[in-house]
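Protein chains in written order, with my numbering: chain A, 1 to 362; chain B, 1001 to 1426; chain C, 2001 to 2301.
As structure tokens, the structure follows; a few thoughts come after it.
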Amino acid sequence: MPIRKLSAQRLWLLAAYTAAAALLFCAPLMLSDFRLNLLAKFLAYAIVALGLDLIWGYTGILSLGHGVFFGLGGYAMAMYLKMDASGGKLPDFMDWSGLTKLPWFWKPFESLPFAIAAGILLPALLALILGFFTFRNRIRGVYFTILTQALVIITTTLFIGQQAYTGGTNGLTGYSKLFGFSLGSPETKRWLYWVTVALLIGAFLLCRFLVKSRFGKVLRAIRDGENRARFIGYNPAIYQMVAFSFSAGLAGLAGMLFVLHVGIISPSMMGIVPSIEMVLWVAIGGRGTLAGAVIGAVLLNYAKSTFSESYPNIWILFMGALFVVVVVFLPKGAAGLFGQFKWLRRRKAADEGADGVRYPAV
Amino acid sequence: MKGAFWKSGVFVILALLLVLAGCGKNDNAASTTTNADGTKTDNGGSTGSENSGGEIKVGILHSLSGTMAISEVSVKDSEMMAIDEINAKGGVMGKKIVPVVEDGASDWPTFAEKARKLISEDKVATVFGGWTSSSRKAMLPVFEELNGLLWYPVQYEGLEQSPNIMYTGATTNQQIVPAVSWLLENKGKKFFLLGSDYVFPRTANKIIKEQLKVEGGELAGEEYTPLGHTDYATIISKIKAAKPDVVFNTLNGDSNVAFFKQLKDAGISSGDLTTLSVSVAEEEIRGIGADVLAGTFAAWNYYETTDTPANKTFVENYKKKYGDDRVTADPIEAGYDAVYLWAAAVEKAGSTEVDKVKDAAKELEWDAPEGKVKIDGETQHLYKTVRIGEVQTDGQFKEVWNSGSPVKPDPFLKGYDWAKSLSEGK
Amino acid sequence: MDVIILQLFNGFSISSILLLIALGLSITFGLMKVINMAHGELIMIGAYTAYVVQNLFADYMPASMFGWYFALAIPVSFAVAFVFGLVLEMGLIRFLYGRPLDSLLATWGVGLMLQQLARSIFGAPNVGVKSPAWLDGGMTVGDNVFPYKRLFIIGLVLVCLLVMYLYIYRSHPGRRMRAVMQNREMAACLGISTRRVDATTFAIGSGIAGIAGCALTLIGPIGPTIGTYYIVDAFMVVVLGGVGKLVGTVFGALGIGLSNTLFEYWTTASLGKVLVFLCIVAFLQWKPSGFVAMRSRSLDN
């Protein structure tokens, strides 16, 4: 976070952000279609990372259940695409599973606006409900984290088990058109990429606005001393619920974009492993800094693709080592590295008090 | 700021690692890696996006990590072996085959991503890969969109026929349907259906239930357990209560180990209860223990003990290459077949272009380790001989029945009246 | 009636397995607050150790002795996992005390590496462990068969519990361990080497995971990724029981094991699992810190 009085720094940061945004918008000129598609996916992941950072980095709540919210968003979009692709007939997997009639909850997904709204609001609502019960009962720290894992298990088991309604382990795939444009054509891909960049920037600015606002200050107060915040007269539960549900909404949005880029959503994307990976993006990028979360998501996924392409047999070993090294040696993540640079160091010193990474609540 | 120094050091190391990964060499043969910016760095000698020069690139896409690696790594091994053998004999059309290996990581979206990478970045001529139906379904739209060609080596639930996929594993009428008929004739009428909770078992069991209705069988129970389920005590209680003659087992992977070990401990021997599995092959027997499985049945198209000349050399070479303790099995053999069939089709077509290869592949015959196989031009599945085997105490199968001649593939079961309701709308 | 008895037995059997996989975690996570995601891989190490011991017996011992490999495999599994735990603690975990969530991420990385290592060393397919003949079969009571293996695991858990109880509550090292975990500064002031206590405590927790892995070879698969099947269950047991209390972990395992058998029998395996986890979520609403809560007057702990 820049500090207002150091205007030179503010300028630098602004310049850096503008350059990053410009670079993102120009990426289609430099990358092949496949790489652009990958980058678009990474940027969608970055949106999840932003949301996670908001609740973990700023509010001190660790959720290992964001895969669920991501997946719900993805399913909402995929349901629309599937209905569109089936053209009035029953989607193919329902046919195999012995359904003869479209289930009632699939009907509204014929409309794209509804699907988009549901993709954001459903995860947000689920998060709100979970938050309502847990935060009010002052369940926090590790207990909350484990509860989110239970949520993951419940949802994935349900989605896999209800094959006739959800496509089971296969998930939803086999659709190729959006508004009649082929999802596979380079043209559409480029547009989708730009939409993703725009949404990422939008989400970034929104999160930035939030953490700068009074609301964001209360969140940090809760992170650093929940009871202190309570005694001052704030109700932490409300703030936590809102932040959690906002973050789930962002994950849902990212899920929808993911489906458009990748063309499949399956329960494996909502499982334990992706949920933990999402947290790793934030940890590696640097929790408590929004730019760090974005960088972390992109860098880590880039590393994952390159490692697995170059060393398909043992890439997991490299990934594991990367996690260990980063967590041990770079507790503030990649963003912490910027503290090394001289011209930023003063700002860091000034920030230390407010931004110090202490998480007594977890 | 003490520590700034080593922090920078760590950063440099990380950056180096990334660069290393970016420029690294595939650890199989010579091959190509692709940098993030889409430019290509060829290590093998050939340049250009087409398969010109002295090489033909093919993709191999299996789960080398994650839960499915237990099965898929061996298929990758046999496909690599087939490629090596063909190269040793001079390659295809005089060109060397260069495999590009990718890891699907037991994650379906990753399969889709890597398939796209292989076709559009590496420009491979074809891809051999997949194991679970889910991974195939995830790759299918990619192959159809980019007009690639996928060789899928595992038995599956049928009801599919993509112009861009060659199915070298069995479809339902080459495995499940004859197995059920055989059981009804020889073992009993009362069936208990047990499967993992995913698409293959559910679809297979739907077919079996229809078949039981017309062929005079009886359904004693039907249970599904989540993938990776490891405690079967309750399921075994349910089986005991239902008193079936036959358990038709469509469990997947690790669950088989837990189920069979615990079934034996519960005092139910293969003499009391017939079990027939469709996902337990020689490799799985090694992980479960031959003593536990002896006397149970399985339905496949190939066993390590299958007596053909081609199989003798196949088994011998496989063991020589990967170790005496390794075993061959149906999907391993189907992956091996796939590579040879593709190579034969390419030779016949004189080109690696997908449409030409597909045309040339029609009605192509080959003496596979499992016996004669033929590509059915209409469905792009293989004619395969059905074999039912009984597990022996040495971990091998003894064939107790076979269909005599290769069975024509019928993925939508059009040849069976009772299956009308299943294949409707196709 | 028979079914009820059998299901009750199955419930206790599943509870005992859950308890076995969670016991180690109740030390590393419960006492030390290290979220050890590599716990599942320590279990895997135990299982592979049993496999190696079995192969050594098959190769170098007379066939008549083969059945006794398992008796040796249990202490060896403990020792191997103990050493792994020790190395892990000294090389990694000790930098992460007071940062529980960082420990989660780092041990996740360790877990991935161990999985890949197992795959590289032992090959990707599952390996088979032949159970010793003296554990085959079962005790027949009426129409019910109680498998010896399940009885053996129940017995093994009871022994482990007893030994742990004696160690933690009735021995000098155990007293030091509790002192360090409860009040680190004060313990250090009294001359306890907290470094050494931390290292041994973590190693003991890991060693018990090794025993669990060894026992699980009797009834389950042995492969590089088996740890992932057990890790979430283990955490659920510890959290449900109440972090930091041995007796809580016992209750947690019983609660999950019995309800799991019950729900699974009434519904299906998938639905049963969902119901169990729903119950856990609901229960933690009611008792946020588990069955047996640590009493504390502190507001932020």
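From the three backbone atoms N, C-alpha and C, an ideal C-beta is built for every residue, glycine too.
{"Check": "Chain A contacts from the stretch 2004-2036 of chain C (Cβ-Cβ distance under 9 Å)", "Outcome": "2029, 2033 and 2035"}
{"Check": "Nearest to residue 1375 of chain B (by Cα), restricted to the options B/1369, B/1386, B/1387 and B/1359", "Outcome": "B/1359"}
{"Check": "Cβ neighbours of residue 382 of chain A in the same chain (closer than 7 Å, five flanking residues each side left out)", "Outcome": "Residue 382 of chain A lies beyond the range of chain A shown here (1 to 362); nothing can be said about it."}
{"Check": "Buried or exposed by the 16-neighbour rule on C-beta atoms within 10 Å, applied to residue 2185 of chain C", "Outcome": "exposed"}
{"Check": "Classification of residue 2169 of chain C by the beta-carbon crowding that lies within 10 angstroms, buried from 16 upward", "Outcome": "exposed"}
{"Check": "N-terminal and C-terminal residue of the beta strand (DSSP E) that residue 1397 of chain B is part of", "Outcome": "1397-1402"}
{"Check": "Rounded C-alpha distance that separates residue 1179 of chain B from residue 312 of chain A", "Outcome": "37 Å"}
{"Check": "Spatial distance of residue 2018 of chain C from residue 1385 of chain B (CA atoms)", "Outcome": "45 Å"}
{"Check": "Inter-residue CB distance, residue 1061 of chain B and residue 1354 of chain B (contact presumed, cutoff 8 Å)", "Outcome": "That pair is no contact at about 16 Å."}
{"Check": "At least three beta-carbon pairs within less than 8 Å, the stretch 2053-2070 of chain C to the stretch 2029-2041 of chain C", "Outcome": "no"}
{"Check": "Alpha helix (DSSP H) runs contained entirely in the stretch 1149-1203 of chain B, provided each spans 4 or more residues", "Outcome": "1176-1186"}
{"Check": "Option in A/114, A/277 and A/235 with minimal Cα separation from residue 45 of chain A", "Outcome": "A/277"}
{"Check": "Residues sharing a beta bridge with residue 2140 of chain C, DSSP", "Outcome": "C/2145"}
{"Check": "Three or more C-beta pairs below 8 Å linking the stretch 191-210 of chain A and the stretch 264-280 of chain A", "Outcome": "no"}
{"Check": "Distance CB(residue 1276 of chain B)-CB(residue 1183 of chain B) smaller than 9 Å", "Outcome": "yes"}
{"Check": "Continuous alpha helix (DSSP H) assignments of at least 4 residues falling wholly in the stretch 1288-1353 of chain B", "Outcome": "1290-1293, 1309-1322 and 1330-1349"}
{"Check": "Buried or exposed by the 16-neighbour rule on C-beta atoms within 10 Å, applied to residue 1003 of chain B", "Outcome": "With a pLDDT of only 45 at residue 1003 of chain B, under the threshold of 50, the placement of this residue in the model should not be trusted; the figure read from the coordinates follows. It is exposed - the Cβ of residue 1003 of chain B has fewer than 16 other Cβ atoms within 10 Å."}
{"Check": "Assigned secondary structure, residue 2224 of chain C (DSSP; H/G/I helix, E/B strand, else coil)", "Outcome": "coil"}
{"Check": "At least three beta-carbon pairs within less than 8 Å, the stretch 1085-1096 of chain B to the stretch 1170-1177 of chain B", "Outcome": "no"}
{"Check": "Unbroken beta strand (DSSP E) run spanning residue 2085 of chain C, endpoints", "Outcome": "First-last for residue 2085 of chain C: 2069-2091, but that is the alpha helix (DSSP H), not the beta strand (DSSP E)."}
{"Check": "Residues near residue 1410 of chain B in its chain [Cβ-Cβ closer than 6 Å; skip 5 each side]", "Outcome": "1173"}
{"Check": "Other residues of its chain near residue 2107 of chain C: CB distance less than 6 Å, five sequence neighbours each side excluded", "Outcome": "2036, 2037 and 2038"}
{"Check": "Residue 1125 of chain B, DSSP secondary structure in three states", "Outcome": "coil"}
{"Check": "Chain C residues whose Cβ lies nearer than 7 Å to that of residue 319 of chain A", "Outcome": "2112"}
{"Check": "Pairwise C-alpha distance: residue 2073 of chain C and residue 2061 of chain C", "Outcome": "14 Å"}
{"Check": "Local conformation of residue 214 of chain A per DSSP, three classes", "Outcome": "helix"}
{"Check": "Where the alpha helix (DSSP H) through residue 1099 of chain B begins and ends", "Outcome": "Element bounds for residue 1099 of chain B: not the alpha helix (DSSP H) but the beta strand (DSSP E), 1096-1103."}
{"Check": "Length of the line joining the Cα atoms of residue 1186 of chain B and residue 1281 of chain B", "Outcome": "22 Å"}
{"Check": "Under 9 Å between C-beta atoms of residue 1249 of chain B and residue 1227 of chain B", "Outcome": "no"}
{"Check": "Assigned exposure category for residue 1380 of chain B - 16 Cβ within 10 Å defines buried", "Outcome": "buried"}
{"Check": "Contact set between the stretch 2123-2148 of chain C and chain B, restricted to residues whose Cβ is under 8 Å from the partner", "Outcome": "2123, 2124, 2125, 2126, 2127, 2128, 2129, 2130, 2131, 2136, 2137, 2138, 2140, 2145, 2147 and 2148"}
{"Check": "Where residue 182 of chain A falls: helix, strand or coil (DSSP)", "Outcome": "strand"}
{"Check": "Enclosing beta strand (DSSP E) for residue 1274 of chain B [first to last residue]", "Outcome": "1274-1277"}
{"Check": "Inter-residue Cα distance where the pair is residue 2103 of chain C and residue 1147 of chain B", "Outcome": "46 Å"}
{"Check": "Alpha-carbon spacing of residue 322 of chain A relative to residue 1421 of chain B, whole angstroms", "Outcome": "53 Å"}
{"Check": "Residue-chain proximity (residue 300 of chain A, chain C), Cβ-Cβ < 9 Å", "Outcome": "no"}
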